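To start, the structure itself, in structure tokens.
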Amino acid sequence: MISRTLKRAAAAVGTSVLVVMAGGGATAVAQTTVQPQAVQGSVIRGGADGTPRTLMCPPEENVLSGGFAISAPQGGVLGHGAADLLESRPTPDATGWVVTVRKNLAPAERGRPGAHVAPADLTLFVVCTQGENTPGG
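Counting from 1, position 31 in the sequence shown corresponds to residue 19 in this note's numbering; the numbering is continuous, with no gaps.
So, in structure tokens, the structure goes:
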């Protein structure tokens, strides 16, 4: 036979487990209310020239993260050297992302000394909160 004390202890443990599980479920639901949205900027011709470039989130939204892509225009080739990423950070008010990167195209005329080297094209990306102006707020 199981004593009353043991039954009460088992009932208390079962209730605690249900409360913990229910609390965890409520937390998961609350976190899914913010749907992040990716925003792609337009291609900035020659944008990888070391100048700070900013892509803003839609109004009333904040940035979660950001990034960039470097490309060559049609018929061009990226230079062999690595890109210099000078900064990649949120704006001070967290409503956009700032990227400063330097990457050149390969010279159009190989072997010619002093050939002009142009900067590569740059595309910025941000991930913003959707429907909430501050993450977790």
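Backbone N, C-alpha and C define an ideal beta-carbon position, used for all residues, glycine too. Note that the structure is a prediction, hence the values are computed from the model and not measured.
Just grab the DSSP bridge partners of residue i for me.
i, result
"residue 115", "26 and 53"
"residue 66", "93"
"residue 83", "Answer by DSSP bridge pairing: none, since residue 83 is not bridged."
"residue 107", "92"
Only counting the same chain, and skipping five residues up and downstream in sequence, which positions put a Cβ closer than 6 Å to that of residue i?
i, result
"residue 26", "115"
"residue 77", "86"
"residue 13", "Because the pLDDT at residue 13 is just 46, under 50, the model does not fix this residue reliably, and the point stays unresolved."
"residue 62", "none"
Could you check which residue in the options has the C-alpha nearest to that of residue i?
i, options, result
"residue 36", "91, 96 and 104", "91"
"residue 117", "67, 39 and 44", "44"
"residue 82", "39, 53 and 29", "53"
"residue 104", "111, 93, 112 and 113", "93"
"residue 113", "23, 38 and 55", "55"
"residue 65", "34, 30, 23 and 73", "34"
"residue 46", "67, 77, 24 and 60", "24"
Could you tell me if residue i is buried or exposed, where buried requires 16 or more neighbouring beta carbons within 10 angstroms of its beta carbon?
i, result
"residue 96", "exposed"
"residue 107", "buried"
"residue 84", "buried"
"residue 49", "buried"
"residue 29", "buried"
Within the continuous beta strand (DSSP E) that includes residue i, where are the two ends?
i, result
"residue 78", "72 to 78"
"residue 41", "41 to 44"
Can you list, in chain order, the residues of its chain with a C-beta nearer than 8 Å to that of residue i? Leave out the 5 residues immediately preceding and following it.
i, result
"residue 75", "40, 86, 87 and 88"
"residue 68", "94"
"residue 79", "42, 44, 51, 85 and 86"
Among residues of its own chain, excluding the 5 on either side of residue i, which ones have a beta-carbon nearer than 7 Å to its beta-carbon?
i, result
"residue 110", "32, 35, 36, 41, 56, 58 and 89"
"residue 73", "89"
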